[in-house]
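Structure first, then comments.
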(Lines of atoms letter the chains of each structure in order from A and count residues from 1; the text may use other names and numbers.)
(Lines give C-alpha, C1' and ligand atoms only; values in the text may rest on other atoms or scores of the structure.)
Protein backbone atom coordinates (compact mmCIF):
# COMPACT_ATOMS: atom_id res chain seq x y z
CA UNK A 1 0.00 0.00 0.00
CA UNK A 2 1.12 3.60 -0.49
CA UNK A 3 2.96 5.32 2.31
CA UNK A 4 0.23 6.88 4.54
CA UNK A 5 2.24 10.09 4.66
CA UNK A 6 1.88 10.32 0.88
CA UNK A 7 -1.90 9.85 0.79
CA UNK A 8 -3.89 12.71 -0.63
CA UNK A 9 -5.83 15.02 1.69
CA UNK A 10 -9.52 15.65 1.10
CA UNK A 11 -10.73 18.78 -0.69
CA UNK A 12 -11.94 21.50 1.67
CA UNK A 13 -15.38 21.33 0.07
CA UNK A 14 -15.56 17.52 0.23
CA UNK A 15 -19.07 17.32 1.70
CA UNK A 16 -20.50 19.66 -0.93
CA UNK A 17 -18.50 17.92 -3.67
CA UNK A 18 -19.97 14.53 -2.73
CA UNK A 19 -23.45 16.02 -2.59
CA UNK A 20 -22.94 17.37 -6.11
CA UNK A 21 -21.88 13.94 -7.40
CA UNK A 22 -24.87 12.22 -5.84
CA UNK A 23 -27.23 14.83 -7.29
CA UNK A 24 -26.43 13.52 -10.77
CA UNK A 25 -27.69 10.04 -9.87
CA UNK A 26 -24.98 8.48 -12.00
CA UNK A 27 -23.01 6.32 -9.57
CA UNK A 28 -23.41 2.57 -10.21
CA UNK A 29 -25.37 3.11 -13.43
CA UNK A 30 -24.83 0.94 -16.54
CA UNK A 31 -22.41 1.93 -19.31
CA UNK A 32 -23.62 4.61 -21.72
CA UNK A 33 -22.45 5.04 -25.30
CA UNK A 34 -21.69 8.77 -25.05
CA UNK A 35 -19.17 8.28 -22.25
CA UNK A 36 -17.67 5.15 -23.82
CA UNK A 37 -17.10 7.09 -27.04
CA UNK A 38 -14.95 9.62 -25.18
CA UNK A 39 -12.73 7.01 -23.53
CA UNK A 40 -12.29 5.35 -26.92
CA UNK A 41 -11.35 8.68 -28.50
CA UNK A 42 -8.91 9.35 -25.65
CA UNK A 43 -6.99 6.08 -26.12
CA UNK A 44 -6.62 6.79 -29.84
CA UNK A 45 -5.72 10.47 -29.48
CA UNK A 46 -3.15 9.87 -26.73
CA UNK A 47 -1.95 6.49 -28.00
CA UNK A 48 -2.43 4.89 -24.58
CA UNK A 49 -3.66 1.39 -23.72
CA UNK A 50 -6.26 2.68 -21.26
CA UNK A 51 -8.54 5.61 -20.49
CA UNK A 52 -11.19 6.18 -17.84
CA UNK A 53 -13.96 8.54 -16.84
CA UNK A 54 -13.99 8.27 -13.07
CA UNK A 55 -16.12 9.82 -10.34
CA UNK A 56 -14.53 10.19 -6.92
CA UNK A 57 -16.96 8.86 -4.31
CA UNK A 58 -16.45 8.80 -0.54
CA UNK A 59 -14.02 5.89 -0.51
CA UNK A 60 -13.71 4.79 -4.12
CA UNK A 61 -13.06 5.95 -7.64
CA UNK A 62 -15.97 4.59 -9.68
CA UNK A 63 -15.63 4.36 -13.45
CA UNK A 64 -18.56 5.50 -15.53
CA UNK A 65 -16.50 4.39 -18.50
CA UNK A 66 -13.24 2.49 -18.68
CA UNK A 67 -11.25 1.07 -21.56
CA UNK A 68 -8.25 -1.14 -20.90
CA UNK A 69 -8.57 -1.15 -17.09
CA UNK A 70 -10.78 -4.17 -16.53
CA UNK A 71 -12.27 -3.13 -13.17
CA UNK A 72 -15.26 -0.99 -12.28
CA UNK A 73 -13.74 0.88 -9.35
CA UNK A 74 -10.60 1.46 -7.29
CA UNK A 75 -10.06 2.24 -3.63
CA UNK A 76 -9.75 5.98 -3.24
CA UNK A 77 -6.45 5.70 -1.37
CA UNK A 78 -4.69 4.28 -4.44
CA UNK A 79 -6.48 6.38 -7.08
CA UNK A 80 -4.36 8.97 -8.88
CA UNK A 81 -7.60 10.89 -9.46
CA UNK A 82 -7.68 11.76 -5.75
CA UNK A 83 -4.68 14.00 -6.41
CA UNK A 84 -6.02 15.35 -9.71
CA UNK A 85 -9.23 16.70 -8.17
CA UNK A 86 -7.16 18.73 -5.71
CA UNK A 87 -6.08 20.89 -8.66
CA UNK A 88 -9.37 21.70 -10.40
CA UNK A 89 -7.87 24.29 -12.72
CA UNK A 90 -5.00 22.13 -13.98
CA UNK A 91 -4.24 19.06 -16.04
CA UNK A 92 -2.59 16.67 -13.58
CA UNK A 93 0.32 14.85 -15.24
CA UNK A 94 2.83 12.40 -13.79
CA UNK A 95 5.36 11.55 -16.49
CA UNK A 96 6.90 8.63 -14.56
CA UNK A 97 4.98 7.25 -11.60
CA UNK A 98 7.99 5.24 -10.41
CA UNK A 99 9.99 8.40 -9.90
CA UNK A 100 7.27 10.28 -8.01
CA UNK A 101 7.46 9.69 -4.22
CA UNK A 102 3.66 9.95 -3.99
CA UNK A 103 3.11 7.00 -6.31
CA UNK A 104 6.23 4.84 -6.52
CA UNK A 105 4.83 2.41 -3.90
CA UNK A 106 1.31 2.42 -5.31
CA UNK A 107 0.03 -1.13 -6.03
CA UNK A 108 -0.93 -0.06 -9.54
CA UNK A 109 2.69 0.90 -10.13
CA UNK A 110 4.64 -1.87 -8.37
CA UNK A 111 2.21 -4.63 -9.39
CA UNK A 112 0.14 -5.32 -12.50
CA UNK A 113 -0.75 -3.35 -14.53
CA UNK A 114 2.62 -1.68 -13.65
CA UNK A 115 1.56 1.81 -14.65
CA UNK A 116 4.22 4.42 -15.36
CA UNK A 117 2.28 7.40 -16.76
CA UNK A 118 -0.88 9.23 -15.71
CA UNK A 119 -2.64 12.31 -17.06
CA UNK A 120 -6.03 13.43 -15.80
CA UNK A 121 -8.24 16.45 -16.30
CA UNK A 122 -10.72 17.21 -13.50
CA UNK A 123 -14.43 17.15 -14.31
CA UNK A 124 -15.62 20.54 -13.05
CA UNK A 125 -19.37 21.10 -12.84
CA UNK A 126 -21.15 24.44 -13.11
CA UNK A 127 -20.83 25.01 -9.35
CA UNK A 128 -17.06 24.50 -9.54
CA UNK A 129 -16.92 21.08 -7.85
CA UNK A 130 -14.38 18.53 -9.08
CA UNK A 131 -16.50 15.41 -9.56
CA UNK A 132 -13.73 13.20 -10.90
CA UNK A 133 -11.52 13.03 -13.97
CA UNK A 134 -11.13 11.83 -17.48
CA UNK A 135 -7.70 10.25 -17.52
CA UNK A 136 -5.28 8.28 -19.68
CA UNK A 137 -2.62 5.91 -18.35
CA UNK A 138 0.29 4.04 -19.87
CA UNK A 139 2.79 1.36 -18.90
CA UNK A 140 5.69 3.47 -20.14
CA UNK A 141 6.87 6.95 -19.15
CA UNK A 142 5.49 9.75 -21.28
CA UNK A 143 5.84 13.48 -21.86
CA UNK A 144 2.56 15.22 -22.62
CA UNK A 145 2.68 18.05 -25.14
CA UNK A 146 0.82 21.31 -24.63
CA UNK A 147 -1.57 20.40 -27.45
CA UNK A 148 -2.46 17.10 -25.78
CA UNK A 149 -2.93 18.83 -22.43
CA UNK A 150 -5.40 21.17 -24.13
CA UNK A 151 -7.16 18.22 -25.75
CA UNK A 152 -7.54 16.42 -22.43
CA UNK A 153 -9.05 19.56 -20.93
CA UNK A 154 -11.47 19.78 -23.84
CA UNK A 155 -12.50 16.15 -23.32
CA UNK A 156 -13.23 16.85 -19.66
CA UNK A 157 -15.56 19.68 -20.70
CA UNK A 158 -17.33 17.29 -23.07
CA UNK A 159 -17.82 14.81 -20.23
CA UNK A 160 -19.41 17.51 -18.08
CA UNK A 161 -21.61 18.62 -20.98
CA UNK A 162 -22.87 15.06 -21.48
CA UNK A 163 -23.35 14.59 -17.75
CA UNK A 164 -25.36 17.79 -17.35
CA UNK A 165 -27.46 17.11 -20.45
CA UNK A 166 -28.17 13.67 -19.03
CA UNK A 167 -29.26 15.20 -15.73
CA UNK A 168 -31.53 17.71 -17.47
CA UNK A 169 -33.15 14.94 -19.49
CA UNK A 170 -33.80 12.91 -16.35
CA UNK A 171 -35.25 15.95 -14.58
CA UNK A 172 -37.52 16.78 -17.52
CA UNK A 173 -38.70 13.18 -17.73
CA UNK A 174 -39.37 13.19 -14.01
CA UNK A 175 -41.35 16.42 -14.27
CA UNK A 176 -43.35 15.00 -17.17
CA UNK A 177 -44.26 11.99 -15.04
CA UNK A 178 -44.97 13.81 -11.76
CA UNK A 179 -48.10 15.47 -10.42
CA UNK A 180 -46.92 18.98 -9.58
CA UNK A 181 -49.28 19.48 -6.65
CA UNK A 182 -48.77 16.29 -4.65
CA UNK A 183 -45.43 15.05 -5.95
CA UNK A 184 -47.00 11.69 -6.76
CA UNK A 185 -46.70 9.97 -10.10
CA UNK A 186 -49.18 11.34 -12.63
CA UNK A 187 -51.52 9.45 -14.97
CA UNK A 188 -48.86 9.14 -17.68
CA UNK A 189 -46.42 7.47 -15.27
CA UNK A 190 -49.18 5.28 -13.84
CA UNK A 191 -50.19 4.00 -17.26
CA UNK A 192 -46.57 3.51 -18.32
CA UNK A 193 -45.99 1.40 -15.21
CA UNK A 194 -49.11 -0.67 -15.83
CA UNK A 195 -48.11 -1.43 -19.42
CA UNK A 196 -44.67 -2.55 -18.28
CA UNK A 197 -46.03 -4.63 -15.40
CA UNK A 198 -48.64 -6.31 -17.59
CA UNK A 199 -45.91 -7.41 -19.99
CA UNK A 200 -43.88 -8.67 -17.03
CA UNK A 201 -46.87 -10.53 -15.57
CA UNK A 202 -47.52 -12.30 -18.87
CA UNK A 203 -43.97 -13.66 -18.81
CA UNK A 204 -43.80 -14.56 -15.13
CA UNK A 205 -47.43 -15.11 -14.04
CA UNK A 206 -46.87 -12.72 -11.12
CA UNK A 207 -50.03 -11.25 -9.67
CA UNK A 208 -50.83 -7.58 -9.24
CA UNK A 209 -53.85 -5.38 -8.65
CA UNK A 210 -54.97 -1.88 -9.52
CA UNK A 211 -56.82 0.27 -7.02
CA UNK A 212 -58.89 3.22 -8.20
CA UNK A 213 -59.68 5.68 -5.41
CA UNK A 214 -61.95 8.70 -5.32
CA UNK A 215 -62.40 11.13 -2.44
CA UNK A 216 -65.89 11.50 -0.98
CA UNK A 217 -67.23 14.97 -0.14
CA UNK A 218 -64.18 16.67 -1.64
CA UNK A 219 -66.27 19.06 -3.74
CA UNK A 220 -67.76 20.41 -0.55
CA UNK A 221 -64.28 21.34 0.72
CA UNK A 222 -63.58 23.35 -2.43
CA UNK A 223 -67.00 24.98 -2.40
CA UNK A 224 -66.94 26.03 1.26
CA UNK A 225 -63.25 26.68 1.99
CA UNK A 226 -61.78 27.36 -1.45
CA UNK A 227 -59.39 25.63 -3.79
CA UNK A 228 -56.32 26.40 -1.67
CA UNK A 229 -57.87 24.38 1.14
CA UNK A 230 -58.72 21.65 -1.34
CA UNK A 231 -55.10 21.54 -2.48
CA UNK A 232 -53.96 21.13 1.13
CA UNK A 233 -56.36 18.22 1.56
CA UNK A 234 -55.12 16.55 -1.62
CA UNK A 235 -51.49 16.86 -0.51
CA UNK A 236 -52.27 15.44 2.93
CA UNK A 237 -54.27 12.57 1.46
CA UNK A 238 -51.37 11.82 -0.89
CA UNK A 239 -48.94 11.78 2.03
CA UNK A 240 -51.14 9.42 4.03
CA UNK A 241 -51.56 7.07 1.08
CA UNK A 242 -47.81 6.89 0.51
CA UNK A 243 -47.33 6.05 4.19
CA UNK A 244 -49.54 2.98 3.79
CA UNK A 245 -47.92 1.39 0.74
CA UNK A 246 -44.68 -0.49 0.26
CA UNK A 247 -41.66 0.73 -1.68
CA UNK A 248 -42.54 -1.50 -4.65
CA UNK A 249 -46.06 -0.09 -4.95
CA UNK A 250 -46.88 3.03 -6.98
CA UNK A 251 -49.31 5.73 -5.87
CA UNK A 252 -50.47 8.19 -8.53
CA UNK A 253 -52.80 11.14 -8.72
CA UNK A 254 -54.84 10.57 -11.85
CA UNK A 255 -56.54 13.97 -11.81
CA UNK A 256 -58.82 16.00 -9.57
CA UNK A 257 -59.54 13.93 -6.47
CA UNK A 258 -58.85 10.59 -8.20
CA UNK A 259 -55.92 8.38 -7.24
CA UNK A 260 -54.57 5.09 -8.50
CA UNK A 261 -52.34 2.48 -6.91
CA UNK A 262 -50.35 -0.28 -8.56
CA UNK A 263 -50.09 -3.06 -5.99
CA UNK A 264 -48.00 -6.20 -6.43
CA UNK A 265 -49.71 -9.12 -4.72
CA UNK A 266 -47.89 -10.89 -1.88
CA UNK A 267 -48.75 -13.67 0.59
CA UNK A 268 -48.56 -11.13 3.41
CA UNK A 269 -51.03 -8.56 2.18
CA UNK A 270 -54.01 -8.25 -0.14
CA UNK A 271 -55.20 -5.26 -2.12
CA UNK A 272 -58.38 -5.31 -0.07
CA UNK A 273 -56.43 -5.04 3.17
CA UNK A 274 -54.41 -2.14 1.74
CA UNK A 275 -57.62 -0.38 0.72
CA UNK A 276 -58.98 -0.69 4.24
CA UNK A 277 -55.79 0.75 5.75
CA UNK A 278 -55.90 3.69 3.36
CA UNK A 279 -59.59 4.24 4.12
CA UNK A 280 -58.82 4.45 7.83
CA UNK A 281 -55.82 6.76 7.30
CA UNK A 282 -57.63 9.14 4.95
CA UNK A 283 -60.75 9.28 7.12
CA UNK A 284 -58.83 10.94 9.93
CA UNK A 285 -59.58 14.71 10.05
CA UNK A 286 -57.22 17.05 8.22
CA UNK A 287 -56.12 20.24 9.97
CA UNK A 288 -55.49 23.01 7.46
CA UNK A 289 -52.97 25.84 7.73
CA UNK A 290 -55.89 28.17 8.48
CA UNK A 291 -56.77 26.12 11.56
CA UNK A 292 -59.92 24.69 9.97
CA UNK A 293 -60.47 20.96 10.29
CA UNK A 294 -62.09 18.99 7.48
CA UNK A 295 -62.93 15.35 6.93
CA UNK A 296 -63.20 13.45 3.68
CA UNK A 297 -63.84 9.83 2.92
CA UNK A 298 -62.49 7.66 0.14
CA UNK A 299 -64.05 5.00 -2.07
CA UNK A 300 -62.06 2.25 -3.76
CA UNK A 301 -62.48 0.01 -6.77
CA UNK A 302 -60.10 -2.92 -7.21
CA UNK A 303 -59.21 -4.88 -10.33
CA UNK A 304 -56.97 -7.96 -10.16
CA UNK A 305 -54.86 -8.70 -13.22
CA UNK A 306 -55.49 -12.09 -14.82
CA UNK A 307 -54.18 -13.62 -18.04
CA UNK A 308 -57.49 -13.10 -19.82
CA UNK A 309 -57.25 -9.31 -19.48
CA UNK A 310 -55.92 -8.30 -22.87
CA UNK A 311 -55.17 -4.61 -22.43
CA UNK A 312 -54.41 -1.92 -19.92
CA UNK A 313 -57.66 -0.22 -20.92
CA UNK A 314 -59.63 -3.34 -20.01
CA UNK A 315 -57.90 -3.54 -16.63
CA UNK A 316 -58.56 0.11 -15.82
CA UNK A 317 -62.16 -0.23 -16.95
CA UNK A 318 -62.63 -3.05 -14.45
CA UNK A 319 -61.20 -0.90 -11.66
CA UNK A 320 -63.38 2.04 -12.68
CA UNK A 321 -66.51 -0.12 -12.74
CA UNK A 322 -65.64 -1.50 -9.31
CA UNK A 323 -65.24 2.05 -8.00
CA UNK A 324 -68.63 3.00 -9.43
CA UNK A 325 -70.27 0.06 -7.67
CA UNK A 326 -68.57 1.00 -4.41
CA UNK A 327 -69.76 4.61 -4.54
CA UNK A 328 -73.26 3.59 -5.56
CA UNK A 329 -73.44 1.09 -2.73
CA UNK A 330 -71.87 3.50 -0.20
CA UNK A 331 -69.43 0.78 0.89
CA UNK A 332 -65.67 0.66 1.31
CA UNK A 333 -65.13 -2.00 -1.35
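Numbering (the UniProt record's numbering), first residue to last: 1 to 333.
C-beta atoms are modelled at their ideal positions from N, C-alpha and C, and glycine is treated no differently.
Selected residue, minimal CA-CA separation from residue i, among the options
i, options, result
"residue 181", "312, 37, 237 and 61", "237"
"residue 280", "240, 148 and 40", "240"
"residue 189", "287, 261, 50 and 40", "261"
"residue 8", "206, 77, 45 and 47", "77"
"residue 255", "59, 170, 306 and 187", "187"
"residue 234", "179, 20, 302 and 133", "179"
"residue 292", "150, 228 and 215", "228"
"residue 275", "37, 310, 242 and 290", "242"
"residue 226", "282, 290 and 25", "290"
"residue 113", "124, 68, 132 and 283", "68"
"residue 251", "273, 185 and 205", "185"
"residue 50", "124, 161, 284 and 119", "119"
"residue 35", "53, 295 and 121", "53"
"residue 21", "141, 41 and 125", "125"
"residue 121", "159, 105 and 96", "159"
"residue 135", "91, 101 and 98", "91"
Nearest-angstrom Cα separation, counted from residue j out to residue i
i, j, result
"residue 138", "residue 83", "17 angstroms"
"residue 269", "residue 277", "11 angstroms"
"residue 297", "residue 327", "11 angstroms"
"residue 324", "residue 266", "26 angstroms"
"residue 313", "residue 191", "9 angstroms"
"residue 13", "residue 203", "49 angstroms"
"residue 128", "residue 322", "55 angstroms"
"residue 89", "residue 163", "19 angstroms"
"residue 75", "residue 263", "40 angstroms"
"residue 165", "residue 155", "15 angstroms"
"residue 111", "residue 304", "59 angstroms"
"residue 221", "residue 246", "29 angstroms"
"residue 108", "residue 207", "50 angstroms"
"residue 218", "residue 287", "15 angstroms"
"residue 176", "residue 65", "29 angstroms"
"residue 55", "residue 216", "51 angstroms"
"residue 117", "residue 170", "37 angstroms"
"residue 85", "residue 150", "17 angstroms"
"residue 205", "residue 320", "23 angstroms"
"residue 32", "residue 39", "11 angstroms"
"residue 73", "residue 79", "9 angstroms"
"residue 29", "residue 299", "40 angstroms"
"residue 157", "residue 210", "46 angstroms"
"residue 272", "residue 294", "26 angstroms"
"residue 224", "residue 194", "36 angstroms"
"residue 141", "residue 26", "33 angstroms"
"residue 197", "residue 306", "12 angstroms"
Residue span of the beta strand (DSSP E) that contains residue i, given as start and end
i, result
"residue 133", "130–138"
"residue 60", "60–67"
"residue 119", "117–124"
"residue 92", "92–94"
Bounding residues of the alpha helix (DSSP H) (the contiguous stretch that carries residue i)
i, result
"residue 233", "227–244"
"residue 283", "271–283"
"residue 320", "312–329"
"residue 109", "107–110"
"residue 303", "Residue 303 -> not in any alpha helix (DSSP H); beta strand (DSSP E) instead, spanning 297–304."
"residue 82", "81–84"
For residue i, the three-state DSSP class (helix, strand or coil)
i, result
"residue 73", "strand"
"residue 177", "coil"
"residue 51", "strand"
"residue 38", "helix"
"residue 198", "helix"
"residue 10", "coil"
"residue 161", "helix"
"residue 23", "helix"
"residue 156", "helix"
"residue 17", "helix"
Per DSSP, cross-strand counterpart(s) of residue i
i, result
"residue 252", "185 and 260"
"residue 212", "260 and 301"
"residue 293", "287"
"residue 145", "Partner(s): none; residue 145 has no beta bridge."
"residue 266", "269"
Heavy atom of the ligand ADP within 7 angstroms of residue i beta-carbon
i, result
"residue 43", "Only the bare structure without any ligand can be found here, which leaves the ligand ADP out of the picture."
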